[in-house]
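A.B. asks: Residue numbers (the working numbering), protein chains in the order written: chain U, 1 to 384; chain H, 1001 to 1181.
Beta carbons are placed, not taken as given, at the ideal position from N, Cα and C, and that holds for glycine.
Structure incoming, see below.
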């Protein structure tokens, strides 16, 4: 049934319909309304799950590592410093091959203190061995969470679903909320092959000598290699049942575009709005929306690009000393494939600064008239 | 695409008003998007909320900078220097006020005494009346798109407490709104 709900409500409803068995979370803006709603749903008995209250995000992740080890479906949500506090346990969750699903409501990392959006928090966790998806609408948040449980549980890899604080979390729009029987048909209960069981005692993730550790990591990398196919198949099954199709990279107006911008999250949505307007003015511009950071959709990116296109990347994040994370990932992918395509790097919208139609027009103007600088970051909307 | 900005003070229900109105336009068959000004809300401090509706899905996700329409829950806000730049020069505005306000040239202004209506139906407290449903009832009268039945349905579904009183406030405001000419 279609209903007008916020991004965070879309998350709570998806988690309920996924019949999660264990939830643990610690409040942090702008995530808090997710854990509030889930605790209500657990308290009322609408969802038969254990909601474990904890004193920190570190403990929330530790709780889920324990719960997921018993073979059940688990969920948590956090933002910014909360995600950073989980950092060491994010490695543990992936190393122990636990298919935990985490929503990160993107919020800039303090200091200075802030509650507003950018993507640096989740992008800084890119080496922790988690799948990472980035959403631009409340419908996509709902759908991605349902899909993520299925993908994570097949691969035995944890999964992070990310979306922009306030721009998505606190924005209301219509979402087609699937019925319980439909979700049950798509997402059967988790069946763990290996789990903690008092009747069959085993040890997991014990001390591992140099003779074996590297092979554990190799297996994890293999799972990420396999993820491309598993994700594509899952999206195919989802589209068949629910009629909405997702891809790890989505192309809009790129076929004949002279300038193409790569963007993610809510900024990609405003970018598409602007591209459609610029097209009405006859400007040959296009958008590549990147939905997935891990595994990085290298082949899909290469396939989506045409030779000779001016390519820009919009980064709502910063890795100081190098630049935007998406730019670095895309340059690395192009380099690995032997492509000598210049990539212009645009950093905008840090700490919740609005990314407007005019900002996107400025970027396309710089791409079109060669004003962009290839050797350094092109800051958008910076006060100087 | 139509863009509406709500101007209120913390405690008046401006953010909930934007959600109720979004629900009402959704029931009219429109694509809707609404969101509060992203910040830390405090009782009495200025609060802004935003609503877009359109015939097609709304991709634009930036703040609204020049609204087609302003719903002003706290009349004093129209005197602030930030008010006029945040709406179009010929915007439709609806002000919660018992009397006309000078110096609103160029705007299409209507008034409703939402505070009196809220107090009459016991919405909020004497010191802090919740005027959001009354202002929406008045808006249903001046906005050609919004259907009163859909607004009443939206209020019934989004307001779990004092539902009957809020529905009566909507209807009373619908009848008592006045245009400035």
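Does residue 1059 of chain H have its Cβ less than 8 Å from a Cβ in chain U?
C.D. replies: Yes, because at least one Cβ of chain U sits closer than 8 Å to the Cβ of residue 1059 of chain H.
A.B. asks: Ignoring anything shorter than 3 residues or poking outside the stretch 21-78 of chain U, list the beta strand (DSSP E) runs there in chain order.
C.D. replies: Counting only runs of 3 or more, we get 22-25, 50-53 and 74-78.
A.B. asks: If the criterion is Cβ atoms closer than 8 Å, does the pair residue 270 of chain U and residue 1060 of chain H meet it?
C.D. replies: Closer than 8 Å, so yes.
A.B. asks: Run the CB neighbour count on residue 214 of chain U, radius 10 Å, all protein chains shown included, and call it buried at 16 or more, exposed below.
C.D. replies: It is exposed - the Cβ of residue 214 of chain U has fewer than 16 other Cβ atoms within 10 Å.
A.B. asks: Taking residue 104 of chain U as the reference, give the member of U:87, U:92, U:110 and U:122 with the closest Cα.
C.D. replies: Residue U:122 is the option with its Cα nearest to residue 104 of chain U.
A.B. asks: Short of 7 Å in beta carbon distance, which residues of its chain neighbour residue 234 of chain U, apart from the five on each side in sequence? Order them along the chain.
C.D. replies: So the qualifying residues of the chain are 147, 150 and 151.
A.B. asks: Within 10 Å of its beta-carbon, does residue 374 of chain U have 16 or more other beta-carbons around it, so buried, or fewer, so exposed?
C.D. replies: So residue 374 of chain U ends up on the exposed side.
A.B. asks: For residue 1009 of chain H, tell me which candidate among H:1037, H:1023 and H:1064 has the shortest Cα-Cα distance.
C.D. replies: Among H:1037, H:1023 and H:1064, the Cα nearest to that of residue 1009 of chain H is on H:1037.
A.B. asks: Given a cut-off of 8 Å, decide if residue 249 of chain U and residue 300 of chain U are closer than it, judged by their beta-carbon atoms.
C.D. replies: Yes.
A.B. asks: By alpha-carbon positions, which one of H:1011, H:1017, H:1056 and H:1015 ends up nearest to residue 1042 of chain H?
C.D. replies: Per the Cα distances, H:1011.
A.B. asks: Relative to the alpha-carbon of residue 274 of chain U, which residue among U:313, U:311, U:200 and U:361 has its alpha-carbon at the smallest distance?
C.D. replies: The shortest Cα separation from residue 274 of chain U among U:313, U:311, U:200 and U:361 belongs to U:361.
A.B. asks: What are the partner residues of residue 327 of chain U, as DSSP defines its beta bridges?
C.D. replies: Per DSSP, none; premise fails for residue 327 of chain U.
A.B. asks: Hey, out of U:349, U:365, U:324 and U:175, whose CA is closest to residue 381 of chain U's CA?
C.D. replies: The candidate whose alpha carbon is nearest that of residue 381 of chain U is U:349.
A.B. asks: Alpha carbon to alpha carbon, how far is residue 99 of chain U from residue 153 of chain U? Give it in angstroms, no decimals.
C.D. replies: Their Cα atoms are separated by approximately 5 Å.
A.B. asks: Taking only the alpha-carbon atoms, compute the straight-line gap between residue 311 of chain U and residue 289 of chain U and give it to the nearest angstrom.
C.D. replies: Looking at the two C-alpha atoms, the distance is approximately 13 Å.
A.B. asks: Would residue 200 of chain U and residue 7 of chain U be called neighbours here (beta carbons separated by less than 8 Å)?
C.D. replies: Not closer than 8 Å, so no.
A.B. asks: At a Cβ threshold of 8 Å, is residue 1006 of chain H touching chain U?
C.D. replies: Not one chain U Cβ lies under 8 Å of residue 1006 of chain H.
A.B. asks: Please determine, among H:1108, H:1075 and H:1166, the residue with the shortest C-alpha to C-alpha distance to residue 1046 of chain H.
C.D. replies: The shortest C-alpha separation from residue 1046 of chain H is found at H:1075.
A.B. asks: By the DSSP assignment, the alpha helix (DSSP H) with residue 368 of chain U in it spans what residues?
C.D. replies: Residue 368 of chain U -> alpha helix (DSSP H) spans 357-369.
A.B. asks: Would you mind sorting residue 118 of chain U into buried or exposed? The rule is 16 or more other CB atoms within 10 Å of its CB.
C.D. replies: Counting Cβ neighbours within 10 Å, residue 118 of chain U comes out buried, since at least 16 surround it.
A.B. asks: If you compare alpha carbons, which of U:46, U:28 and U:27 is closest to residue 14 of chain U?
C.D. replies: For the residues U:46, U:28 and U:27, the minimum Cα distance to residue 14 of chain U belongs to U:46.
A.B. asks: Is it buried or exposed, residue 280 of chain U, if we count other Cβ atoms within 10 angstroms and call 16 or more buried?
C.D. replies: Residue 280 of chain U is exposed by the Cβ-count criterion.
A.B. asks: Scan the stretch 1025-1055 of chain H for residues whose Cβ lies nearer than 8 Å to a Cβ of chain U and list them as they occur along the chain.
C.D. replies: Residues 1026, 1031, 1032, 1033, 1034, 1035, 1036, 1038 and 1040.
A.B. asks: Cβ closer than 8 Å: which chain A residues qualify as neighbours of residue 1062 of chain H?
C.D. replies: Among the protein chains of the structure shown, namely U and H, there is no chain A.
A.B. asks: Starting from the C-beta of residue 89 of chain U, find all residues in its chain whose C-beta is less than 7 Å away, skip the five residues before and the five after it, and write them out in chain order.
C.D. replies: If we look at residue 89 of chain U and ignore the five residues flanking it on each side, its Cβ neighbours are 58, 61, 62 and 65.
A.B. asks: DSSP beta-bridge partners for residue 301 of chain U?
C.D. replies: None, per the DSSP bridge assignment.
A.B. asks: Rounded to whole angstroms, what's the CA-CA distance from residue 1022 of chain H to residue 376 of chain U? Just pull it up for me.
C.D. replies: If I take the Cα positions, the gap works out to 43 Å.
A.B. asks: Mind listing the chain U neighbours of residue 1022 of chain H? Cutoff is C-beta to C-beta under 7 Å, in chain order.
C.D. replies: Result: 4 and 172.
A.B. asks: Could you spell out the range, first to last residue, of the beta strand (DSSP E) harbouring residue 310 of chain U?
C.D. replies: Run containing residue 310 of chain U: 310-315, per the beta strand (DSSP E) assignment.
A.B. asks: Once the 5 residues before and after residue 83 of chain U are set aside, which same chain residues still bring their CB inside 6 Å of it?
C.D. replies: Closer than 6 Å at Cβ, skipping near neighbours: 104 and 121.
A.B. asks: Helix, strand or coil, according to DSSP, for residue 1 of chain U in the structure here?
C.D. replies: DSSP places residue 1 of chain U in coil when its eight states are reduced to three.
A.B. asks: Is the beta carbon of residue 1128 of chain H less than 8 Å from the beta carbon of residue 1111 of chain H?
C.D. replies: Result no, Cβ atoms of residue 1128 of chain H and residue 1111 of chain H do not sit closer than 8 Å.
A.B. asks: Are the C-beta atoms of residue 346 of chain U and some chain H residue less than 8 Å apart?
C.D. replies: For residue 346 of chain U, the answer is no, since every Cβ of chain H falls outside 8 Å of its Cβ.
A.B. asks: Identify the contact partners of residue 87 of chain U in chain H, using a Cβ-Cβ distance below 9 Å as the criterion.
C.D. replies: Correct list: empty, because the minimum Cβ distance to chain H is about 26 Å.
A.B. asks: Using a Cβ-Cβ distance cut-off of 8 Å, determine whether residue 1003 of chain H contacts chain U.
C.D. replies: Output row for residue 1003 of chain H: interface = no.
A.B. asks: If I measure Cβ to Cβ from residue 1157 of chain H and keep anything under 8 Å in the same chain, skipping five residues before and after, which residues do I get?
C.D. replies: Excluding positions up to five away in sequence, the list reads 1023.
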